[in-house]
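A.B. asks: As given, the protein sequences belong to chains W and B, one line each in that order.
Following my numbering, the numbering of the first sequence begins with 1 at its first residue and continues without gaps.
Following my numbering, the numbering of the second sequence begins with 1 at its first residue and continues without gaps.
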Amino acid sequence: MQTVKMVVTGPFNSGKTEFIRSVSEIDVVSTERSISSEAERVKETTTVAMDFGRITVDDELVLYLFGTPGQKRFDFMWEILSEGMLGFIVMVDSNRPETFREARGILQTFRAYAPTPYVVAANKQDMEDAWEVEDLRIALKLDSKIKMLPCIATKKDSVKSVLLELLYSILEEMGEVN
Amino acid sequence: MALKGNLRDFSVVQLFNLVNLAGKTGTLTLEGPNVAAWVSFRDGKLIHAQLGNEDGTLLGVLTKAGKVRPEQSKLIKGHASDKSDKELGLLLINAGYLTQQDILASIQHYVLDVVYRLFAWVDGFFRFDNDVLPPDDHITVRLDLENVIIEGSRRIEQIQSLEDEIPNLDLALNFVERPGANIRDVHLNTQEWKVVSYINPKNSIRQIAKTNKMNETEIRTIVYGLLEAGLVEIVRAEGAPMPAQAEQFEKVNKVERESLVNRLIDRIRSM
Ligand SMILES: Nc1nc2c(ncn2[C@@H]2O[C@H](COP(=O)(O)OP(=O)(O)O)[C@@H](O)[C@H]2O)c(=O)[nH]1
Ligand SMILES: [Mg+2]
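#1: Which of the residues in the region 115 to 143 of chain B, read from start to end, lie with their CB under 8 Å from any CB of chain W?
#2: Cβ closer than 8 Å: which chain W residues qualify as neighbours of Q14 of chain B?
#3: Against chain W, does E258 of chain B count as a neighbour if the rule is that its beta carbon must be under 8 Å from one of theirs?
#4: Would you mind giving the Cβ-Cβ distance between F119 of chain B and G152 of chain B, rounded to the nearest angstrom? I have them listed as a contact below 8 Å.
#5: Check whether the region 233 to 242 of chain B and the region 202 to 210 of chain B are in contact - that is, three or more C-beta pairs closer than 8 Å.
#6: Spatial neighbours of N178 of chain W within its chain, please: C-beta separation below 8 Å, excluding the five flanking residues on both sides.
#7: Excluding five sequence neighbours on each side, which residues of the same chain lie with their C-beta closer than 6 Å to the C-beta of E40 of chain W?
#8: To which residues of the same chain is I222 of chain B closer than 6 Å at the C-beta, ignoring the five residues directly before and after it?
#9: Cα-Cα, which of W:I170, W:T68 and W:L61 is closest to T31 of chain W?
#10: With a 10 Å radius around its C-beta and 16 neighbouring C-beta atoms as the bar for buried, classify R155 of chain B as buried or exposed.
#11: On a CA-only basis, which of B:E31, B:L104, B:N253 and B:E54 is nearest L143 of chain B? Give me that one, please.
#12: State buried or exposed for H48 of chain B, treating a residue as buried only when at least 16 other CB atoms are found within 10 Å of its CB.
#13: Residues of chain A with CB closer than 8 Å to the CB of A2 of chain B, please, in chain order.
#14: Closer than 7 Å: is that where the CB of T17 of chain W sits relative to any heavy atom of ligand 2?
#15: Taking contact to mean 3 or more Cβ pairs, one atom from each stretch, closer than 8 Å, check whether the region 108 to 128 of chain W and the region 176 to 183 of chain B are in contact.
#16: Report the CB separation of A121 of chain W from N95 of chain W in whole angstroms; it is logged as a contact under 8 Å.
#17: Hey, quick one: how far does the beta strand (DSSP E) through R127 of chain B stretch, first residue to last?
#18: Please decide whether I149 of chain B counts as near chain W, where near means a Cβ-Cβ distance under 8 Å.
#19: What does N168 of chain B touch in chain W if you count any residue whose Cβ is under 8 Å from its own?
#20: Any chance the CB of I106 of chain W is under 7 Å from a heavy atom of ligand 1?
#21: State yes or no: is the beta carbon of D164 of chain B nearer than 8 Å to at least one beta carbon in chain W?
#22: Is F249 of chain B close to chain W? Criterion is C-beta to C-beta, closer than 8 Å.
#23: Hey, V114 of chain B and A37 of chain B are a contact pair by Cβ (cut 8 Å); roughly how many whole angstroms apart?
#24: Of the choices W:P150, W:S144 and W:E60, whose alpha-carbon is the least far from that of N123 of chain W?
#25: Please confirm whether V23 of chain W has its beta-carbon closer than 8 Å to some beta-carbon of chain B.
#26: Between the C-alpha atoms of R269 of chain B and R263 of chain B, what's the straight-line distance to the nearest angstrom?
#27: How is the beta strand (DSSP E) around K24 of chain B delimited, first residue to last?
#28: Could you check whether the Cβ of G23 of chain B sits closer than 7 Å to any heavy atom belonging to ligand 2?
#29: Does the region 15 to 30 of chain W come close enough to the region 147 to 161 of chain W that 3 or more CB-CB pairs lie under 8 Å?
#30: Residues bridged to T31 of chain W by DSSP?
#31: With a threshold of 8 Å between beta-carbons, can C151 of chain W be considered close to chain B, or not?
#32: Can you give me the C-alpha to C-alpha distance between A246 of chain B and F66 of chain W, rounded to a whole angstrom?
#33: Could you tell me whether any non-hydrogen atom of ligand 2 is closer than 7 Å to the CB of D27 of chain W?
#34: Can N40 of chain B and T27 of chain B be called in contact, C-beta distance under 8 Å?
#35: Buried or exposed, going by whether 16 or more other CB atoms sit within 10 Å of the CB of M271 of chain B?
#36: Kindly examine ligand 4 and report whether one of its heavy atoms sits closer than 7 Å to the Cβ of D51 of chain W.
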């Protein structure tokens, strides 16, 4: 049995839990985890709230979805989650400019250090005050190579298409490597 | 779909950057604590600005610029009160009183003066209305936003949340490849040139600061202006170590990974 992971990150209230809930075959488990970082040398511990969902692919393959708030430093997360990690989804609430600064910070880190492909989900596009995807792309200073996808986390089809776009990006990147 | 929020979260500089990069046409409304302002753009260029009920009519602008004396202004008002700005402009030009150049320069100066004052606003509601423009009989200008943004960000005494905007000084900078984004067309001061001359994915922002003997706030302020003017972007410094785990992925067999990803795709499509 092989397991692979995807991580859904982003500011508080951006829709991470909802996103995972829409496609998980189990009830989303929300946990608090203590994570200590070896890379930090100094023993440092941080508590991270995590959601946890599952999609069984076949007898031999399971996909786990982790939801975790964006951190200024992703070392912690990477260390425990990166084994078997396929990619990231960065969720942004398209309605709340007060969270864009934090989202930009997360994306700036990703732009520089993300070890795997990622896409950005412009969530809550069903709401009246939602910023348009192309405006958000500029507001978040997103690299033109990174996909910015409209998303409604409460709709399964929308979540599916975000996951698929991430998987297509992963395939593309594999093609480029060789 | 909306484009609105509070300036605390998305600054005037950032709004101008958005209008510039998206090439927007329309009017930005800003509501400060006591007064509102309207700034209009066409295809991402600044064309008009109005602050509260300040006299932004052609006559008001020319009087303020000293091109028309107050008593002349009164006279003109009496005789030509029914004339639109464009008609009045033509009248003044035809009478040999002012040149078209005088008029445009005065309006340009006025628009920039208003806009630079707006850059100091740190709080207040904003909204952008697509395709709303000043009436046709207004005289508008057409100014590139890169210079306005650079100059505007210089004038901000203290940029809000500067550290959050540029959290990591170990990253590097690179020039943006975009039509219209030519650093040579921008009026940079000496300090900015010093930074620009070291921009290269090999140099971290921290190294550039050190070389130029700038402190963290100084370097961040300059980088912020360049970023918001859409001239540079932040990239990973070449040679900087990748997170340890990153290398691990490369080791997994490629064919195996491809088949795995394809199985995931099939599964999610069928959900
Ligand atoms: N209208 C709408 N509401 C959403 C959407 N996604 C999430 N929400 C709601 O936004 C709130 C925060 O979502 P949640 O998943 O808890 O955010 P988290 O903090 O990132 O895990 C909840 O009330 C969700 O039901 C969406 O696409 N549209
Ligand atoms: Mg949650």
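No residue lacks a Cβ here, since even glycine has one placed at the ideal position from N, Cα and C.
C.D. replies: Walking through what the data contain:
#1: none
#2: A139
#3: yes
#4: 4 Å
#5: yes
#6: In this predicted model, N178 of chain W has a pLDDT of only 48, less than 50, meaning its place in the structure is not dependable enough to derive any value.
#7: Per-residue confidence for E40 of chain W stands at a pLDDT of 44, beneath the threshold of 50, marking its modelled position as unreliable; the derived number appears in the next sentence. Taken in chain order, the list of residues that qualify is empty.
#8: E192 and V195
#9: W:T68
#10: exposed
#11: B:L104
#12: buried
#13: No chain A is present in this structure, whose protein chains are W and B.
#14: yes
#15: no
#16: No, A121 of chain W and N95 of chain W are not in contact; Cβ-Cβ is about 13 Å, not under 8 Å.
#17: F125 to N130
#18: no
#19: Q108, T109 and A112
#20: no
#21: yes
#22: Here the model assigns F249 of chain B a pLDDT of 48, short of 50, so the residue's position is not dependable and the matter cannot be decided.
#23: 7 Å
#24: W:P150
#25: yes
#26: 10 Å
#27: Looking at the DSSP string, K24 of chain B is not in any beta strand (DSSP E), and its letter there is neither H nor E.
#28: no
#29: yes
#30: W:M50
#31: no
#32: Any reading at A246 of chain B needs caution, since the residue's pLDDT is 48, under 50, leaving its predicted position unreliable; the model's value is listed next. When rounded, the distance between both Cα atoms is 18 Å.
#33: no
#34: Correcting the residue type first, residue 40 of chain B is Ser in the shown sequence and not Asn. Closer than 8 Å, so yes.
#35: exposed
#36: For ligand 4, the structure offers nothing, since it holds only ligand 1 and ligand 2.
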